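>
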Amino acid sequence: MSLAGLRQGKPEHAGHGEAGEQPHEVAADIHFAAPFSKENAGMDESVPGGAYNFAYLDEETKRMIRRAILKGIAIPGYQVPFASREMPMPYGWGTGGVQVSAACLTPDDSFKVIDQGADDTTNAVSIRKFFERTAGVETTERTAEATVIQTRHRIPETPLTEGQILVYQVPIPEPLRFLEPRETETRRMHALEDYGLMHVKLYEDIARHGEIATAYAYPVKVEGRYVMDPSPIPKFDNPKMEMAAIQLFGAGREQRIYAIPPYTRVVSLDFEDHPFVAGKAPHDCALCGASDTYLDEIITDDAGSRMYVCSDTDHCATRQEAAA
Amino acid sequence: MYVAVKGGERAIDAAHEWLAEERRGDVSVPELSVAQIREQMALAVNRVMAEGSLYDPDLAALAIKQARGDLIEAIFLIRAYRTTLPRFGSAEPVETGEMACDRRISATFKDAPGGQVLGPTFDYTHRLIDFALAAEGEPPAAREALAEEAPMPRVTEMLSRDGLIQQEQASDEVPPDLTRAPLEFPAGRPLRLQALTRGDEGFVLSMAYSTQRGYGRNHPFVGELRIGAVPVEMEIPELGFSVEIGEVVLTECETVNQFTGSKTEPPQFTRGYGLVFGQTERKAISMALVDRALRWEELGEDNLGAPAQDEEFVIAHSDNIQATGFLEHIKLPHYVDFQAELELVRKLRAEAMAGQQQEAAE
Amino acid sequence: MTPLLSVQGIRKTYGFRIGCTDVGFDLYPGEVMGIVGESGSGKSTLLSCLAGHLTPDQGSVVFDTRAEGPRDTVTMSEPERRMLGRTDWAFVHQNPRDGLRMSVSAGGNVGERLMAVGARHYGQIRETATDWLGRVEITEDRIDDRPRAFSGGMQQRLQIARNLVSGPRLVFMDEPTGGLDVSVQARLLDLLRGLVREMGLSALIVTHDLAVVRLLAHRLMVMKSGRVVETGLTDQVLDDPQHPYTQLLVSSVLQV
């Protein structure tokens, strides 16, 4: 079984082998890609910044991460502990997502990075540059053209398709953390499917505010089993999580990886008489006119004037081009 | 017409150029060399090595220079570099009992074989700003004596001979590696010690201090504090025996803690243990106190609910690279989350206002 | 008739010290049993073993489950035991803080067990919570208040509502009136007696207060140094104690 093989519609990449295959690895180990080949192994001098391995991480580390990813895909929504490495960027700035992307990327991939929906926010620029330098992969701002998309806080508006991977940066992977801070206890709650407390929180919201007062990082139940934190995406994006692409979630500091395989049931928690509503600002985009996208509110002068524009910059630009 | 903000990349490049200028400071002032930092900022270098988990004084000095003296930033640079280094193997455990001590003190015995050696310590300096240091010039040479040839056995071993201190069980088991396996709780003592030795000095100090003030008090005495160089040996598979590959300076602290016995253990002294790279005695003593506090369960003591007794709390929050990264990430754009909150608060406010108006009308 | 709970040969030690040993009894549906003894007699250890909070070293605790009939809860899997703990079993702690979520509203506290077993209709959950608050004499307008704002007696009544809302068949109570003023105790006892009768509950009540068992328990078990020294009908044990320790206990010479 290989991760590339999981991405339907995309042929398995050759020549992206396990450099320095350890002889003591037992047969039960999962092998991820085509056999060892010299071209892309080890220190790749053809890429800028070639003092480091392809996509920065050494092959052994990538293999460890791929194992965690496969386990995550096999148990949708379950948080798999992994030995997160110290990355050359701060914890909390996407080290989990970067490690997951590094483990997924092949030289043929087309990589897109967004932060807050936009390709040109500083941290997105920084992460994209990191992979341009260490992996030499092609990068793109076009959602439809990307094979791997790393994101912070948004799901692109353009529906994703089979063969694409969406990698989320996750700050706190544990949906129960702010109800119960202890890891030992929350892991037990997941194991025993003891989720009453989660609904108590939603009950309290309604009792106090008349509705569920969670606007982002809105908890979901995956395939009827695990309650999962979708990372701090706005709840507007929650319904998109039932998609054709693979969704991978990486939390570097908290050392967890989890996943949603394609076409998996993802239900936002709610009550029958207070159903989940995916909310957004009641406006149209001032640039492309879209009425069905998530919007940024921009303050345009010091008199408090404001306008609303798509947070997904690629989606907005594509629509504007089409209209022009 | 509004145009979406662009140019993140240019802004980042410009910021980096400015940073480099600021790092250099006034060019009419001579530039610091790495060797100067290594020699004259040695305790900063030690801290960076200890919390960076990499023993390389030159590299630590360079990191301090690059980080403009921000030690946590320097530690971060060292950690990120360390993680890319290939692993050739593991050294044999170092024998701190055979340390060439620059400093060795015990608070439990007035004298012991090998004697008390003060060494280069701030302890009895009067903390008066020495304006002479502002002028350049070499200090007078320190007086010298010949090092004692006598061995310096560990003080706790003397207690151990009389059965007065709890025996630590020797084990040939390969200890778990904090940097290679995900941390899960309960972590156990080997992992706790690894986390503490690279933990933030300020955090470990405060945790230790809290035990002294009564939050999980454990009656510590500094049985022994020793600082000095120990040889590092490694077995070379081709040779089939160990060879010395270098030496490192370490600070080791063993506390002797009063213990009146519990359900499972007889009355005896118990140990807290601290071992840290470089001359880092504040950290080593703190580590020993926190180690001892975390051992309550294994010794059958009561959990007093003190923060320093809480393994998950201490270990999950001791790493300053994790802490600072997550803390500082709140500077990153959060427009999307904030927008979602904004809409929610507006909606809740509108409903609350409408409710009030209705009440007023009734 | 099948006993609701059948306990045999329970033993629990702490190192060399005996917590409780050689305890066995049957409890039938609708029956309330009191377990009395001074502090350190092992009664709380026993209750913890029976309720699954502690694992006994020996013995079995067989509960007549709804789905599968008699099952030993000691050897049952943790998920099954937890499920019992939020459906057919209830546990009332001496200190309401141990049994309530202090930062959650009264309504949320009562609703938790319902939501834990799948209730997903806010209106119905709230209705049931309101009803139960009424049954423990907490007025409806306090439903959104947190227990912190409640008096000790109210907190204890809230804990009882939170436990009984799921319609349990067996209730464990650990000194349910401990720490309350005498007048408050009397009101709580009255309430408990009413609820136990009305719902046909079986209960195990650990207490050192003989007035509590006199009012609530059909049968008594007297414990000393981890062992049961006397058992019998409540009136019989209290009015005609046989064991010297029970005699001491009843004559109130013993400071408990």
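Protein chains in written order, with the working numbering: chain X, 1 to 324; chain P, 325 to 686; chain H, 687 to 942.
Every residue gets a Cβ at the ideal spot worked out from N, C-alpha and C, and that includes glycine.
Small disclaimer: the values here were computed from a predicted structure and weren't measured.
Distance check for Q164/X and A245/X, CA to CA, integer angstroms please.
In the first sequence, counting from the first residue as 1, residue 245/X sits at position 245. In the first sequence, counting from the first residue as 1, residue 164/X sits at position 164. Rounded to the nearest angstrom, the two C-alpha atoms are 5 Å apart.
> Note down, in chain order, each residue of its chain lying with its Cβ closer than 8 Å to the Cβ of G540/P, except the 5 sequence neighbours on either side.
Position 216 of the second sequence holds residue 540/P. Once the five neighbours on either side are set aside, the close Cβ partners of G540/P are S534, A617, W620, L628, A630, P631, A632, Q633.
> Measure from the C-beta of K235/X to each C-beta in chain P and report whether the shortest distance is under 8 Å.
For the purposes of this step, residue 235/X is taken as residue 235 along the first sequence, with counting starting at 1. So yes, K235/X belongs to the interface.
> Is there a C-beta anywhere in chain X that falls below 8 Å from the one on M788/H?
In the third sequence, the residue the question calls residue 788/H occupies position 102. So, not an interface residue.
> Taking just the CA atoms, how far does E525/P sit from S763/H?
The residue labelled residue 763/H in the question sits at position 77 within the third sequence. The residue labelled residue 525/P in the question sits at position 201 within the second sequence. Whole-angstrom Cα-Cα distance: 44 Å.
> Could you have a look at W342/P and say whether DSSP puts it in helix, strand or coil?
Translated into the one-based positions of the second sequence, residue 342/P becomes position 18. In the structure shown, W342/P sits in a helix (DSSP, three-state: H, G or I).
> Does F276/X have its Cβ less than 8 Å from a Cβ in chain P?
Numbered from its first residue, the first sequence carries residue 276/X at position 276. No, F276/X does not count as interfacial toward chain P.
> Chain P beta carbons: is any one of them nearer than 8 Å to that of F82/X?
Locating residue 82/X in the first sequence gives position 82, counting from the first residue. It does: the Cβ of F82/X has a partner Cβ on chain P nearer than 8 Å.
> Give me the subset of the stretch 213–227 of chain X whose CB atoms are less than 7 Å from a CB atom of chain P, sorted by chain position.
Hits within the stretch, in order: A213, A215, Y216.
> Would you tell me roughly how many angstroms separate the C-alpha atoms of E766/H and Y659/P, rounded to the nearest one?
Along the third sequence, one-based indexing puts residue 766/H at 80. Along the second sequence, one-based indexing puts residue 659/P at 335. The straight-line gap from Cα to Cα measures roughly 45 Å.
> Could you have a look at D712/H and say whether DSSP puts it in helix, strand or coil?
Residue mapping note: residue 712/H aligns to position 26 of the third sequence, counting from 1. Reduced to three states, the DSSP call for D712/H is strand.
> Expressed to the nearest angstrom, what Euclidean distance is found between the alpha-carbon atoms of F32/X and I75/X?
Counted from its first residue, the first sequence places residue 32/X at position 32. Counted from its first residue, the first sequence places residue 75/X at position 75. In this predicted model, F32/X has a pLDDT of only 36, less than 50, meaning its place in the structure is not dependable; the value taken from the coordinates is given anyway. Rounded to whole angstroms, F32/X to I75/X spans 18 Å at the Cα level.
> Quick one: residues in its chain with C-beta nearer than 8 Å to the C-beta of Q320/X, no 5 flanking neighbours on either side, listed in chain order?
For the purposes of this step, residue 320/X is taken as the residue at position 320 of the first sequence. For Q320/X, where only same-chain residues beyond five positions count, the Cβ hits under 8 Å are L287, C288.
> Considering only the alpha carbon of each residue, which of P689/H, R787/H, G804/H, A847/H lies closest to T816/H?
Mapped onto the third sequence, residue 816/H falls at position 130. Answer by Cα proximity: A847/H.
> Got a sec: is the Cβ-Cβ distance from I206/X to anything in chain H below 8 Å?
The residue labelled residue 206/X in the question sits at position 206 within the first sequence. So, interface residue.
> Please tell me whether L176/X has its Cβ less than 8 Å away from any Cβ of chain H.
One-based indexing of the first sequence puts residue 176/X at position 176. Output row for L176/X: interface = no.
> Express the C-alpha separation of L668/P and V868/H in angstroms, rounding to a whole number.
Counting from one through the third sequence, the residue named residue 868/H turns up at place 182. Counting from one through the second sequence, the residue named residue 668/P turns up at place 344. Those two C-alpha atoms are separated by around 48 Å.
> Look at the Cβ atom of P506/P, then the Cβ atom of F82/X, and state whether they are nearer than 8 Å.
Along the second sequence, read from residue 1 onward, the residue named residue 506/P stands at position 182. Along the first sequence, read from residue 1 onward, the residue named residue 82/X stands at position 82. Cβ distance < 8 Å, so P506/P and F82/X count as in contact.
> Pull up the distance between the alpha-carbon of M87/X and that of D661/P, whole angstroms please.
As a working note, residue 87/X is residue 87 in the first sequence. As a working note, residue 661/P is residue 337 in the second sequence. Looking at the two C-alpha atoms, the distance is approximately 25 Å.
> For T445/P, which residues in the same chain have their Cβ closer than 7 Å to its Cβ, ignoring the five residues on either side in sequence?
Locating residue 445/P in the second sequence gives position 121, where the first residue counts as 1. Answer for T445/P: R427, listed in chain order.
> On the criterion of 16 or more Cβ atoms from any shown chain inside 10 Å, does K434/P qualify as buried, or is it exposed?
Along the second sequence, read from residue 1 onward, the residue named residue 434/P stands at position 110. That one is exposed.
> So, at 8 Å on beta carbons, what are the nonlocal neighbours of G487/P in its own chain, with the 5 sequence-adjacent residues on each side left out?
Here the question's residue 487/P lines up with position 163 in the second sequence. Correct list, in chain order: Q592.
> Helix, strand or coil for N370/P per DSSP?
Sequence index remark: in the second sequence, residue 370/P carries index 46 (1-based). Three-state result, N370/P: helix.
> Could you pull out every residue in the same chain whose Cβ sits closer than 6 Å to the Cβ of G438/P, ignoring the five residues on either side in sequence?
Mapped onto the second sequence, residue 438/P falls at position 114. Same-chain partners within the cutoff: A474, M476.
> State the DSSP-derived secondary structure class of A684/P, mapped to helix, strand or coil.
Counting from 1 along the second sequence, the entry for residue 684/P is found at position 360. The answer is helix: DSSP assigns A684/P an H, G or I state.
> Please tell me whether L733/H and V892/H are closer than 8 Å, where the distance is taken between their beta carbons.
Residue mapping note: residue 733/H aligns to position 47 of the third sequence, counting from 1. Residue mapping note: residue 892/H aligns to position 206 of the third sequence, counting from 1. Going by C-beta atoms, L733/H is nearer than 8 Å to V892/H.
> Grab the span of the alpha helix (DSSP H) containing Q518/P for me, first residue to last.
The sequence position of residue 518/P within the second sequence is 194, counting from 1. 513–521 is the extent of the alpha helix (DSSP H) around Q518/P.
> Along the chain, where does the beta strand (DSSP E) containing Q79/X start, and where does it finish?
Within the first sequence, numbered from 1, the residue matching residue 79/X stands at position 79. Run containing Q79/X: none; DSSP gives neither H nor E here.
> Below 8 Å on the Cβ atoms is my contact criterion, and I expect S642/P with G523/P to pass it. Report the Cβ-Cβ distance as a whole number of Å.
The residue given as residue 642/P occupies position 318 in the second sequence. The residue given as residue 523/P occupies position 199 in the second sequence. Confirmed, Cβ separation roughly 3 Å.
> List, in order along the chain, the chain P residues whose C-beta lies closer than 7 Å to that of G289/X?
Residue 289/X sits at position 289 when you count from the first residue of the first sequence. Per Cβ cutoff of 7 Å: no residues; G289/X is ~14 Å from chain P at best.
> Between T579/P and V528/P, is the Cβ-Cβ spacing less than 8 Å?
As a working note, residue 579/P is residue 255 in the second sequence. As a working note, residue 528/P is residue 204 in the second sequence. In this structure, V528/P does not lie closer than 8 Å to T579/P by Cβ.
> Could you list which residues in chain X have their beta carbon closer than 9 Å to that of T449/P, in chain order?
Within the second sequence, numbered from 1, the residue matching residue 449/P stands at position 125. Chain X residues near T449/P: none, gap ~37 Å exceeds 9 Å.
> From what residue to what residue does the alpha helix (DSSP H) around K112/X run?
For the purposes of this step, residue 112/X is identified with residue 112 of the first sequence, where counting begins at 1. Segment 110–115 is the beta strand (DSSP E) holding K112/X; no alpha helix (DSSP H) there.
> Going by DSSP, name the residue or residues bridged to D750/H.
Mapped onto the third sequence, residue 750/H falls at position 64. According to DSSP, which records beta bridges pairwise, D750/H is partnered with P756/H.
> Report yes or no: do three or more beta-carbon pairs, one from the stretch 713–720 of chain H and one from the stretch 897–906 of chain H, lie closer than 8 Å?
Segments in contact, yes.
> What does DSSP give as the partner residues of F858/H in its beta bridges?
Walking along the third sequence from the start, residue 858/H turns up at place 172. Bridge partners of F858/H: F777/H, L890/H.
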